[in-house]
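Numbering (the numbering used here), first residue to last: 1 to 412. Beta carbons are placed, not taken as given, at the ideal position from N, Cα and C, and that holds for glycine. All values derive from a computational prediction rather than experimental measurement. First up is the structure itself, then whatever we jot down about it.
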Ligand SMILES: [Zn+2]
């Protein structure tokens, strides 16, 4: 018996709790370095008894598109969320996409909930909460969805749980801290034991990964904290998949200054009479740790007859690795055409793309820039706590296959 969700078949009967964790910004090297320092015994045991493969993220390798891909099982061409916001040239409006009205597909949670399952979803940042919780009903004691960021504002009506801070004995963490992710993990352990969900999703935040490279003492502390909680989760008989929304790479020159190509400035210089709008879908209200610089950009070209000339001009820039018109890019990377620019660009491994230099305030960047968004950050860990999935014979795996494999393992 299968439950069809967004053209994929999930087993409608699962025999143990399914737990999927999106470990934000966790480039494989973070796990490797923490393991080499012997800080992750529980994770090491899971990998030994299960599988550790490398999957691809959805493109752009940003947080929201990938979280929503993971919870719908499909890329953004299907669910519509391809960045933090999209631009409409006819109205000259930039619209934030953190509201469920922009979601074009049901979540796996909603579909399992409708057939009677118990669901728990915990996210670090509140910007994802309403998308992740869309379609859940909190008045039947079968669904919980909240963020650690706004854990002090939870109500039964909106979140299925209240007084979270007292319950967990943890105050609201600082938004820029490891605490936000630690809160998610600790709450996940407690909810698994007390609420006993059929399906649980935990989504951390990449504050630590934006600031510290793999093997850094503070990064290692983060993975040690993660490992402690993974051990407590995996003490239960669960079907577990750990993956990431995207990787994370250093984007600086040898002096530690950000490496960025400012595309709007470059195009203005080459085509002084023309108008361009460069959209950076990484931009969000939490810009402190990346200054809105990522490795993916969309360009809107006012004079449509110029598109192929502009593509040709950008192809000359060595730091831009991938430049395509909308149709090519949407087909290659499964993006929604109506929310994509006329041209899509991705930068090289150590570069980012900006709009205009004057529009980026980099003064709040305290550490050397680390960021993501392009092809070099799409390789992500994909860890399963069992070998029952036959995953190694399945060709390219995506992070948005996480619930597919976790539910199938739970059905065995
Ligand atoms: Zn992220």
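Asked	Found
Whether residue 252 touches residue 382 by CB criterion (8 angstroms)	no
CB-CB length for residue 404 against residue 59, believed under 8 angstroms	Actually they are not in contact, since the Cβ atoms of residue 404 and residue 59 sit about 19 angstroms apart, beyond 8 angstroms.
Neighbourhood of residue 267 by C-beta distance below 6 angstroms, restricted to the same chain and skipping five residues each side	276
Residue 19: first and last residue of the uninterrupted beta strand (DSSP E) it sits in	18-22
Residue 188 to residue 137 span [Cα, whole Å]	20 angstroms
Nearest-residue set for ligand 1, Cβ under 6 angstroms from any heavy atom	24, 25, 63, 206, 245, 246
Residue 324 - DSSP class collapsed to helix/strand/coil	strand
Cβ-based neighbour list, residue 284, same chain, cut-off 6 angstroms, excluding 5 preceding and 5 following	84
Where residue 352 falls, given that 16 or more other Cβ within 10 Å makes a residue buried	buried
Proximity to residue 388 [Cα-Cα], best of 307, 240, 313	240
Touch test, the region 142-155 against the region 121-133, Cβ-Cβ under 8 angstroms, three pairs minimum	yes
For residue 53 and residue 347, the rounded distance between their alpha carbons	25 angstroms
Assigned exposure category for residue 2 - 16 Cβ within 10 Å defines buried	exposed
CB-CB length for residue 97 against residue 86, believed under 8 angstroms	6 angstroms
Bounding residues of the alpha helix (DSSP H) (the contiguous stretch that carries residue 246)	Segment: none, residue 246 is in no alpha helix (DSSP H) and carries neither H nor E.
Any beta strand (DSSP E) of 3 or more consecutive residues that is wholly inside the region 356-412	379-384
Straight-line Cα distance separating residue 30 from residue 219	7 angstroms
Pair within 8 angstroms by beta-carbon distance, residue 341 and residue 398	no
Rounded Cβ spacing between residue 271 and residue 374 (contact assumed at less than 8 angstroms)	About 24 angstroms; that fails the 8 angstroms criterion.
Member of 200, 46, 212 whose CA lies at the smallest distance from the CA of residue 407	200
DSSP beta-bridge partners of residue 87	94
Member of 116, 238, 114, 195 whose CA lies at the smallest distance from the CA of residue 19	238
Which listed residue (311, 64, 162) has its alpha carbon closest to that of residue 130	64
Residues bridged to residue 123 [DSSP beta-bridge criterion]	147, 203
Under 8 angstroms between C-beta atoms of residue 46 and residue 325	no
Candidates 233, 338, 364, of which the one nearest residue 89 by Cα	338
Closest residue to residue 401 among 369, 21, 12 (Cα-Cα distance)	21
Sequence-distant residues of the same chain with beta carbon closer than 7 angstroms to residue 409, five excluded per side	239, 384, 386, 388, 389
Residue closest to residue 412, alpha-carbon to alpha-carbon, out of 7, 10, 9, 15	15
Rounded C-alpha distance that separates residue 172 from residue 230	21 angstroms
Rounded separation between residue 4 and residue 393 - CA only	23 angstroms
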